[in-house]
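Peer 1:
Protein chains: 4
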Amino acid sequence: MTETKFTTALIVGAGAGLSASLTRGLSKDGVKVALASRSTEDLHDLAVEAGAETFACDAARRSDVHKLFNNLDATVGAPEIVIYNASYRTRGPFVELDPEEVEKSIAVTAFGAFLVAQQAVRRMLPNGRGVILFTGASAGVKGYPQSAPFAMGKFALRGLAQSMARELSPQGIHVAHFVIDGGIRSAARAEPADRPDSMLDPDAIALSYWNVLQQPRSAWTWEVELRPWVEKF
Amino acid sequence: MTETKFTTALIVGAGAGLSASLTRGLSKDGVKVALASRSTEDLHDLAVEAGAETFACDAARRSDVHKLFNNLDATVGAPEIVIYNASYRTRGPFVELDPEEVEKSIAVTAFGAFLVAQQAVRRMLPNGRGVILFTGASAGVKGYPQSAPFAMGKFALRGLAQSMARELSPQGIHVAHFVIDGGIRSAARAEPADRPDSMLDPDAIALSYWNVLQQPRSAWTWEVELRPWVEKF
Amino acid sequence: MTETKFTTALIVGAGAGLSASLTRGLSKDGVKVALASRSTEDLHDLAVEAGAETFACDAARRSDVHKLFNNLDATVGAPEIVIYNASYRTRGPFVELDPEEVEKSIAVTAFGAFLVAQQAVRRMLPNGRGVILFTGASAGVKGYPQSAPFAMGKFALRGLAQSMARELSPQGIHVAHFVIDGGIRSAARAEPADRPDSMLDPDAIALSYWNVLQQPRSAWTWEVELRPWVEKF
Amino acid sequence: MTETKFTTALIVGAGAGLSASLTRGLSKDGVKVALASRSTEDLHDLAVEAGAETFACDAARRSDVHKLFNNLDATVGAPEIVIYNASYRTRGPFVELDPEEVEKSIAVTAFGAFLVAQQAVRRMLPNGRGVILFTGASAGVKGYPQSAPFAMGKFALRGLAQSMARELSPQGIHVAHFVIDGGIRSAARAEPADRPDSMLDPDAIALSYWNVLQQPRSAWTWEVELRPWVEKF
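Each protein sequence line maps, in turn, to chains A, B, C and D.
According to the numbering used here, the first sequence is numbered sequentially starting from 2.
According to the numbering used here, the second sequence is numbered sequentially starting from 2.
According to the numbering used here, the third sequence is numbered sequentially starting from 2.
According to the numbering used here, the fourth sequence is numbered sequentially starting from 2.
#1: Compute the Euclidean distance between the alpha carbons of GLY93(D) and LEU98(C), then round it to the nearest angstrom.
#2: List the residues that DSSP assigns as beta-bridge partners of GLU54(D).
#3: Using a Cβ cut-off of 7 Å (strictly closer), state whether TRP221(B) contacts chain C.
#4: Name the two residues that bound the continuous beta strand (DSSP E) containing ILE185(C).
#5: Do you know how far the Cα of TRP223(A) is from the Cα of GLN216(A)?
#6: Quick one: residues in its chain with C-beta nearer than 6 Å to the C-beta of GLU81(C), no 5 flanking neighbours on either side, listed in chain order?
#7: So within the segment 121-172 of chain C, which uninterrupted beta strand (DSSP E) runs reach at least 3 residues, ignoring any that extend past its ends?
#8: How about TRP211(D): is its C-beta nearer than 7 Å to some C-beta of chain A?
#9: Skipping 5 residues on each side, what residues in its chain have a beta carbon closer than 8 Å to that of SER40(C)?
#10: Count the other CB atoms, across all protein chains shown, that sit within 10 Å of the CB of THR136(D); report buried if there are 16 or more and exposed otherwise.
#11: Among the residues of its own chain, which have a CB less than 8 Å from the CB of VAL231(B), if the five just before and after it don't count?
#12: Listing by chain order, which chain A residues have their CB less than 7 Å from the CB of LEU125(D)?
#13: Which word fits THR91(D), buried or exposed, when buried means at least 16 other C-beta atoms lie within 10 angstroms of its C-beta?
#14: Taking C-alpha atoms, which residue in GLU168(C), MET165(C) and GLN147(C) lies nearest to GLN172(D)?
#15: Helix, strand or coil for VAL77(B) per DSSP?
#16: How would you list, in chain order, the residues of chain C whose beta-carbon sits under 9 Å from the beta-carbon of PHE135(B)?
#17: Using DSSP's beta-bridge definition, name the partner residues of TRP221(D).
#18: Have a look at TYR89(C), ASP46(C) and VAL117(C) and flag the residue whose alpha-carbon is nearest the alpha-carbon of VAL96(D).
#19: Does the distance from the C-beta atom of ALA207(D) to that of LEU44(D) stay below 7 Å?
#20: Applying the 10 Å Cβ sphere with the 16-neighbour rule, what's the burial state of SER64(C)?
#21: For ASP204(C) and ASP182(D), I'd like the C-alpha separation in whole angstroms.
#22: Sorted by chain position, which residues of the same chain lie with C-beta nearer than 7 Å to LYS155(B)'s C-beta, five sequence neighbours on each side aside?
#23: Consult DSSP for ALA21(D) and reduce its assignment to one of helix, strand or coil.
#24: If you check the beta carbons only, do LEU11(A) and ALA35(A) fall under 7 Å apart?
#25: Using 7 Å as the limit for Cβ to Cβ distance, is ARG90(D) near chain A?
#26: So is ALA15(D) in contact with chain C if we call contact Cβ pairs under 7 Å?
#27: Report yes or no: is there a C-beta of chain C within less than 7 Å of the C-beta of VAL225(B)?
#28: Cα separation between VAL77(D) and GLU102(D)?
#29: Tell me the DSSP secondary structure of TYR89(B) in three-state form.
#30: Sorted by chain position, which residues of the same chain lie with C-beta nearer than 7 Å to GLU192(C)'s C-beta, five sequence neighbours on each side aside?
#31: I'd like to know whether the C-beta of PRO193(B) is nearer than 7 Å to at least one C-beta of chain C.
#32: Using only CA atoms, which one of GLY184(B), VAL13(B), SER209(B) and VAL225(B) lies nearest to ASN86(B)?
#33: Who are the near neighbours of LYS68(C) in its chain, counting only those whose CB is closer than 8 Å to its CB and skipping five residues on each side?
#34: If you draw a straight line from the alpha carbon of GLY31(C) to that of ASN128(B), how long is it in whole angstroms?
#35: What's the C-alpha gap between VAL176(A) and ALA166(A)?
#36: If you measure between the beta carbons of ALA51(C) and SER28(C), is that distance less than 7 Å?
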């Protein structure tokens, strides 16, 4: 049982708090990280800290994703690890939802994941190795009221991940989907003092992503649920 | 336990073989049926036979769906039953999929369902009654290899249906999702002679739709799987 | 598409309120019903009303189930329809559960279902037709806290039903599992006056059972969820 | 994010090949391991190698399980980690299954898991910490034909695990269920030479168990699927 070794990673939706934890973790283990986000301004400090490159990219736009991968090819190289964290949601009473916002929810949460994954897999297949991780949500397995757009996006993302896992695992590409069930702790969003660890620590999530990255191919996981110990489900 | 009575229905994606069975069944029971499809040419004979009205509508286009419902309001009236049968798919090796076709798969299969359902629910809510049925597929619960676009569309459709069921059932609107698992028999697509009933008879599917339509609200179903007796699952 | 015709039925766990509705419904449609329960005393009035035979049987006991089917063979004939309604549960904090009660929960809820189904299928297979319906619960798809024994029994029942459906459907035997989610209305257990239809009407459940019994084999359902319109899920 | 530290573990069903990998892994990390199996003969070498204690115990027997935990209390101490690997199955055409074997399948696979877990949790609750891991199978989420008894046992085990997770997680006890999908490699059961890693390496499974043991409570997993990269699902 040998440990899997990867040297390059791409994180899309890099503005998310989870992305910072992933970036630090991967960098510490010697992986060169590329960070993509619609706006790269907020990524500056993280990039400096972790020696990461940043790329502006709207993942829901085909031309942006093409350009991103061409840039990667020309600079840090094609990523062996891809983590898709981007998502968008609108919510409210079903009859009041704005169709354009619904369309955007699906586009950013699921279609962008397809665009990024396709470019990545094209570069992974010739080598017969690579890992693609999708950050899903409980909304991807349970359609909540007043939240049809997010359900549509996250269900679609899960369908994408499952189809890819069935097709690409036997070709050496490990595809996994994470069901994040609960709020993620951040500077802006602290947990109640009397409820310790009632929100997901992004470092704890990153640890589970890391463990999946390291799985030997004789025992791969395609889906992992993560929730705080006190979260109702 | 009183029987539910409806007088108007809209079937979207009316070109599907299933739609003809549904139209005949509903008409026979005194329901006035409106048929919507991108092209209404092929619907002529059915419309005449069942006394149905036809409407041209690309369900993935917001303006088309608006126009459709305005037309219904002005003619046969807002539908108490809506059945969404439209879907589109592209398939093939993941790396060879055409992004535009993937986008269209999601748009027709899931986003169009949202557009139609929203217009319908706006008209149903004031009366606190109505039924919305979505025709899903096994692809909505299992992501098959070389079929990511259909998985994305049908998973998203199921997420939409489940979110709507949780939100709208307590407001009197019955939402149900059908997992059609297997090929549907048609003039163009006959089943092997030595494997009787190995494909779904559209009349048999229509019977189950009808039964769900009739369910008293004390025992509603939100999802029904249907497959031929010999189908592997 | 011809309608399925059955002439004999066996209901096990006949003391349940649902069983009375099923018995009346089946009898009205000309089906000869046999009722089995640990105690037959309470079945007298129903039996007279519906022209049904009653049989004492503890379904979790192998010898009882053998005797029951031998009696049926010798009297009303082998049942073409079998409905298993028996269940037992104990609940409470996990550490306080009585192991004997846990064992009984599994035995009555799941093992008895196996015993009855096996005897039934032995008699159905030579004719290549028959229906077996299992009354499950939301506890069969979701393990609730303080209710491990019922979760074990109802999950096991669902596993039995699904395995049987995969094996026996292609041999002509229709196996279906019902997920009853909510309280069933009865004389002893009325629903709140201000929440109409907030409990399942046993007649409404029986209607869905009947519809599944009638499904043509080109479009069989193996699982049906039923819950009141206002039930949270 | 501090690492979880445990010092004692109990493995039940210790004769399984997976158990040897788990024992070696835990021992190497300083955990004192107790091994329980119906027969302890085959455990001798492993026990010596890993400095583990062995205990004879039929997990499906209430008195055996009581005695086991009393022995543990008096010797190595109550386990902070419990891993339940025991299972039993019979298979074949549904009508030919031996009811006694079916009963045993449920008893060893699921009821024994309850007995062991209850004793363990009684000792963990006062400390508000502990981990209980159940080794499930794909049979616990999919009922295969000709395999109703294993489906019943493994579905029941999953129901137990899910109910326990919902009840006990907020009390500090981490409960997780592993869906092992595929054959486990062993000396007796080698994989085809031309299909490398087509069977689960027990060391690879043990690695994933270990990772779940180490999860911080802000991001616990209750279920993990593991399958070889080339396994169909």
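By construction, the Cβ of each residue, glycine as well, lies at the ideal position given by its N, Cα and C atoms.
Peer 2: Checking against the coordinates, here is how it stands:
#1: Counted from its first residue, the fourth sequence places residue 93(D) at position 92. Counted from its first residue, the third sequence places residue 98(C) at position 97. Approximately 34 Å, taken between the alpha carbons.
#2: Numbered from 1 along the fourth sequence, position 53 holds the residue referred to as residue 54(D). Beta-bridge pairing links GLU54(D) to ALA35(D).
#3: On the second sequence, position 220 is the one that residue 221(B) refers to. Closer than 7 Å: yes.
#4: Against the third sequence, residue 185(C) aligns to sequence position 184. Premise fails: ILE185(C) is in no beta strand (DSSP E) and is neither H nor E.
#5: If you number the first sequence from 1, residue 216(A) lands on position 215. If you number the first sequence from 1, residue 223(A) lands on position 222. In a straight line, the C-alpha of GLN216(A) is about 11 Å away from that of TRP223(A).
#6: On the third sequence, position 80 is the one that residue 81(C) refers to. Excluding residues within five positions, the ones whose Cβ falls inside 6 Å are PHE7, THR9 and GLY131.
#7: 131-138
#8: Locating residue 211(D) in the fourth sequence gives position 210, where the first residue counts as 1. Judged by the 7 Å Cβ criterion, TRP211(D) is not in contact with chain A.
#9: The count along the third sequence starts at 1 and reaches residue 40(C) at position 39. Taken in chain order, the residues that qualify are GLY16 and ALA57.
#10: For the purposes of this step, residue 136(D) is taken as the residue at position 135 of the fourth sequence. THR136(D) should be labelled buried.
#11: For this step, residue 231(B) is matched to residue 230 along the second sequence. Here the set comprises ARG196, ASP198 and SER199.
#12: Here residue 125(D) refers to the residue found at position 124 when the fourth sequence is read from its first residue. Reading off the sequence shown, one finds Met at residue 125(D), where the question assumed Leu. Near MET125(D) there are no residues of chain A at all, since even the closest Cβ is about 14 Å away, more than 7 Å.
#13: Here residue 91(D) is taken as the residue at index 90 of the fourth sequence, counted from 1. Buried is the call here.
#14: For the purposes of this step, residue 172(D) is taken as residue 171 along the fourth sequence, with counting starting at 1. When each option's Cα is compared against that of GLN172(D), the closest is GLN147(C).
#15: As a position in the second sequence, residue 77(B) is number 76, starting the count at 1. It is coil, neither helix nor strand.
#16: Taking the first residue of the second sequence as position 1, residue 135(B) is located at position 134. Under the 9 Å cutoff, chain C gives no residues; its nearest Cβ is about 15 Å from PHE135(B).
#17: Numbered from its first residue, the fourth sequence carries residue 221(D) at position 220. Per DSSP, ARG228(A).
#18: Within the fourth sequence, residue 96(D) is the residue found at index 95, counting from 1. Here the closest residue by C-alpha is VAL117(C).
#19: Your numbering for residue 207(D) matches position 206 in the fourth sequence. Your numbering for residue 44(D) matches position 43 in the fourth sequence. Against a cut-off of 7 Å, the Cβ pair of LEU44(D) and ALA207(D) comes out as no contact.
#20: Within the third sequence, residue 64(C) is the residue found at index 63, counting from 1. Result: exposed.
#21: Within the third sequence, numbered from 1, the residue matching residue 204(C) stands at position 203. Within the fourth sequence, numbered from 1, the residue matching residue 182(D) stands at position 181. Looking at the two C-alpha atoms, the distance is approximately 41 Å.
#22: For this step, residue 155(B) is matched to residue 154 along the second sequence. Same-chain partners within the cutoff: THR110, GLY137, ALA138, ALA140 and GLY141.
#23: Residue numbering aside, residue 21(D) sits at position 20 when the fourth sequence is read from its first letter. In this structure, ALA21(D) counts as helix in the three-state DSSP scheme.
#24: Position 10 of the first sequence, counting from 1, holds the residue named residue 11(A). Position 34 of the first sequence, counting from 1, holds the residue named residue 35(A). Yes. Within cutoff.
#25: Position 89 of the fourth sequence, counted from the first residue, corresponds to residue 90(D). With 7 Å as the cut-off, ARG90(D) does not count as an interface residue toward chain A.
#26: Working through the fourth sequence from its first residue, we reach residue 15(D) at position 14. Not closer than 7 Å to any Cβ of chain C, the Cβ of ALA15(D) fails to qualify, so no.
#27: The sequence position of residue 225(B) within the second sequence is 224, counting from 1. Yes, its Cβ sits closer than 7 Å to a Cβ of chain C.
#28: As a working mapping, residue 77(D) is identified with position 76 in the fourth sequence. As a working mapping, residue 102(D) is identified with position 101 in the fourth sequence. Approximately 34 Å, taken between the alpha carbons.
#29: Counting from one through the second sequence, the residue named residue 89(B) turns up at place 88. If DSSP states are grouped into helix, strand and coil, TYR89(B) belongs with coil.
#30: Here residue 192(C) corresponds to residue number 191 of the third sequence, with the count starting at 1. Only ARG186, SER199 and MET200 meet the Cβ criterion.
#31: Position 192 of the second sequence, counting from 1, holds the residue named residue 193(B). PRO193(B) does not count as touching chain C.
#32: Indexing the second sequence from 1 puts residue 86(B) at position 85. Cα-wise, what sits closest to ASN86(B) is VAL13(B).
#33: Working through the third sequence from its first residue, we reach residue 68(C) at position 67. Around LYS68(C): CYS58.
#34: Reading the third sequence from its first residue, position 30 is the one you call residue 31(C). Reading the second sequence from its first residue, position 127 is the one you call residue 128(B). Cα to Cα, the separation comes out at about 39 Å.
#35: Counting from 1 along the first sequence, the entry for residue 176(A) is found at position 175. Counting from 1 along the first sequence, the entry for residue 166(A) is found at position 165. About 5 Å.
#36: Position 50 of the third sequence, counting from 1, holds the residue named residue 51(C). Position 27 of the third sequence, counting from 1, holds the residue named residue 28(C). Their beta carbons are under 7 Å apart, which means ALA51(C) touches SER28(C) by this criterion.
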